[in-house]
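*Asks:* Quick one: the structure is below, questions incoming.
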Amino acid sequence: MSAKKNDDRKSVVVVGGGHAGVNLARPLSAQLDASKYKLVLINPRPYRVLLPATLRMVVSDAQNLQSTALVPYDKLFHNGNGVFIQDSVRSMDDKVLTLGSGEQVPYDVLVLCSGMAWADPIAFPDTAEDVKSYISRSHEKFARAGNYLIVGGGAIGCELAGELKDIWPEREITLVHAERLLLNDTYTDRYRRRVADQLVARGIKIHLGDLVEDIPDHTGPAVVLTKGGLKLSTDLVVRAVGAPRPNTSFINSLNPDALTPAGFVKVKPTLQLHDYPNIFAAGDIVDWNEQKQAIKAQDHAKIVAKNIVNHFNGAPLKTYKTAFEAIFLTNGKNGGITYLGFLWGIIFGSWFTRLLKSRDLLVSRFRKENGL
Numbered sequence: 001m002s003a004k005k006n007d008d009r010k011s012v013v014v015v016g017g018g019h020a021g022v023n024l025a026r027p028l029s030a031q032l033d034a035s036k037y038k039l040v041l042i043n044p045r046p047y048r049v050l051l052p053a054t055l056r057m058v059v060s061d062a063q064n065l066q067s068t069a070l071v072p073y074d075k076l077f078h079n080g081n082g083v084f085i086q087d088s089v090r091s092m093d094d095k096v097l098t099l100g101s102g103e104q105v106p107y108d109v110l111v112l113c114s115g116m117a118w119a120d121p122i123a124f125p126d127t128a129e130d131v132k133s134y135i136s137r138s139h140e141k142f143a144r145a146g147n148y149l150i151v152g153g154g155a156i157g158c159e160l161a162g163e164l165k166d167i168w169p170e171r172e173i174t175l176v177h178a179e180r181l182l183l184n185d186t187y188t189d190r191y192r193r194r195v196a197d198q199l200v201a202r203g204i205k206i207h208l209g210d211l212v213e214d215i216p217d218h219t220g221p222a223v224v225l226t227k228g229g230l231k232l233s234t235d236l237v238v239r240a241v242g243a244p245r246p247n248t249s250f251i252n253s254l255n256p257d258a259l260t261p262a263g264f265v266k267v268k269p270t271l272q273l274h275d276y277p278n279i280f281a282a283g284d285i286v287d288w289n290e291q292k293q294a295i296k297a298q299d300h301a302k303i304v305a306k307n308i309v310n311h312f313n314g315a316p317l318k319t320y321k322t323a324f325e326a327i328f329l330t331n332g333k334n335g336g337i338t339y340l341g342f343l344w345g346i347i348f349g350s351w352f353t354r355l356l357k358s359r360d361l362l363v364s365r366f367r368k369e370n371g372l
């Protein structure tokens, strides 16, 4: 469906259909008068990939997550008040987006929430056919290996270890992490030790304060050496280290100074870009001193949605502040440990984490955000 501006309505364009984009587009479709405003959502995939469910999805088909965690956009807009375009943005200026197809999409207000380019094991392609093949190959890869070496003890590495133990409890899993404790120092030492205790209790071996010097690129048996002198043999090395890259290269065509050297979008506290009052940013691509998480993207979206309405009405804009850090870290479908970063740092164990996240990975909640 075309989004060309062939009428007098104001165009609000959202780039990216992940957590931030969905939590912007759906409420705006109810708040904006369709006779005055045109709402457009642009995303390269025909569906939203629910990131909290991806590790379980790529390990096995035990919960058939392919049918529930790849969520289409056909019910997203209230009363059909919106247009979905499946495409990527190639370049932009202060008035028009140019898509990969060559189509030009004008805008009066733009929201950039194009998300991150994740690496394997959750490097999902764009087309439905390629995603299906990617997941199938991933299932085969994990099933074929008799043991695993996970390089990186951040949230992805820890949660992946738990998912593998759920499916193959008898298989050996080793996790190597460069820091002195798992995760990072956003969280208290007490919490980080509790995370390790949970994993060790399931038979997972952990090596802290050590680095794998040369991570093999191939899939299959390997012998790796660590900086600390360990020699580790494994059937499969899984890389879970290194920050994902923001999907923001197209913003260079607007203004290279709009991005940090790492590719994150510089914003004011109102989540507007500097020098571009009609352009906002939300989600993981925002340059803000906080952990990149779905709950933060949702909080960004709430502020930006209010500010778009206020922008059109000439009202003062709201400012964003991080409430507190929190993490709901799963350990398979029945375990996990939660941290809430207020007071002295509140920790909840498996029963709480299972109830809030581990059991269904928030899939039912996120599907409701898409109107399902």
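The UniProt record's numbering applies: residue 1 is where the sequence shown begins, and numbers increase by one.
Even glycine gets a Cβ: it sits at the ideal position worked out from N, Cα and C.
Where in the segment 254 to 324 do unbroken runs of the beta strand (DSSP E), each at least 3 residues long, occur, reported from the N-terminal end onward?
*Replies:* For the segment 254 to 324, whole beta strand (DSSP E) runs of length 3 or above, ordered along the chain, are 276 to 281.
*Asks:* How long is the line joining the alpha carbons of residue 373 and residue 80, rounded to whole angstroms?
*Replies:* No statement about residue 373 is possible, as the shown extent of the chain runs from 1 to 372 and does not include it.
*Asks:* Give the C-beta separation of residue 25 and residue 115 to the nearest angstrom, bearing in mind that I take them to be a contact with Cβ-Cβ under 8 angstroms.
*Replies:* Not quite, the Cβ-Cβ distance comes to about 14 angstroms (not below 8 angstroms), so this is no contact.
*Asks:* By a C-beta neighbour count over all protein chains shown, 10 Å radius and 16 as the cutoff for buried, is residue 351 buried or exposed?
*Replies:* By the 10 Å Cβ count, residue 351 comes out exposed.
*Asks:* Mapping DSSP to helix, strand and coil, what is residue 2?
*Replies:* Any reading at residue 2 needs caution, since the residue's pLDDT is 49, under 50, leaving its predicted position unreliable; the model's value is listed next. Reduced to three states, the DSSP call for residue 2 is coil.
*Asks:* Spell out the partners DSSP gives residue 336 in its beta bridges.
*Replies:* DSSP lists 330 as partners of residue 336.
*Asks:* Enumerated in chain order, which unbroken segments of the alpha helix (DSSP H) with a length of 4 residues or greater are wholly contained in the segment 3 to 72?
*Replies:* Qualifying alpha helix (DSSP H) stretches, in chain order: 19 to 31, 54 to 59.
*Asks:* Please identify the residue among 71, 301, 199 whose C-alpha is closest to the C-alpha of residue 150.
*Replies:* Nearest of 71, 301, 199 to residue 150, Cα basis: 199.
*Asks:* Relative to the C-alpha of residue 316, which candidate in 303, 227, 326 has its C-alpha closest?
*Replies:* Taking only the C-alpha atoms, the option nearest residue 316 is 303.
*Asks:* By Cβ distance below 6 angstroms, which residues in the same chain neighbour residue 176 in space, the five residues on each side in sequence not counted?
*Replies:* 151, 207, 210, 212, listed in sequence order.
*Asks:* From the DSSP output, read off the bridge partner residues of residue 222.
*Replies:* Per DSSP, 234.
*Asks:* Please classify residue 64: is it buried, with 16 or more other beta-carbons within 10 angstroms of its beta-carbon, or exposed?
*Replies:* The residue in question, residue 64, is exposed, as its Cβ has fewer than 16 Cβ neighbours within 10 Å.
*Asks:* State yes or no: is the beta carbon of residue 110 nearer than 9 angstroms to at least one beta carbon in chain E?
*Replies:* Among the chains in the structure shown there is no chain E, since it carries only a single protein chain.
*Asks:* Would you tell me roughly how many angstroms separate the C-alpha atoms of residue 87 and residue 310, rounded to the nearest one?
*Replies:* Rounded to the nearest angstrom, the two C-alpha atoms are 29 angstroms apart.
*Asks:* Excluding the 5 residues flanking residue 291 on each side, which residues of the same chain have their C-beta closer than 8 angstroms to its C-beta?
*Replies:* Once the five neighbours on either side are set aside, the close Cβ partners of residue 291 are 186, 325, 327.
*Asks:* Keeping to the same chain, check which residues put their C-beta closer than 8 angstroms to that of residue 119; ignore five residues upstream and five downstream.
*Replies:* Taken in chain order, the residues that qualify are 239, 242, 244.
*Asks:* May I ask you to report which of helix, strand or coil DSSP gives residue 77?
*Replies:* In this structure, residue 77 counts as coil in the three-state DSSP scheme.
*Asks:* Hey, could you find the ends of the beta strand (DSSP E) residue 202 is sitting in?
*Replies:* Element bounds for residue 202: n/a, residue is neither H nor E.
*Asks:* Below 6 angstroms CB to CB, which residues in the same chain sit around residue 319 once its five sequence neighbours on both sides are set aside?
*Replies:* These residues qualify, in order along the chain: 269, 270.
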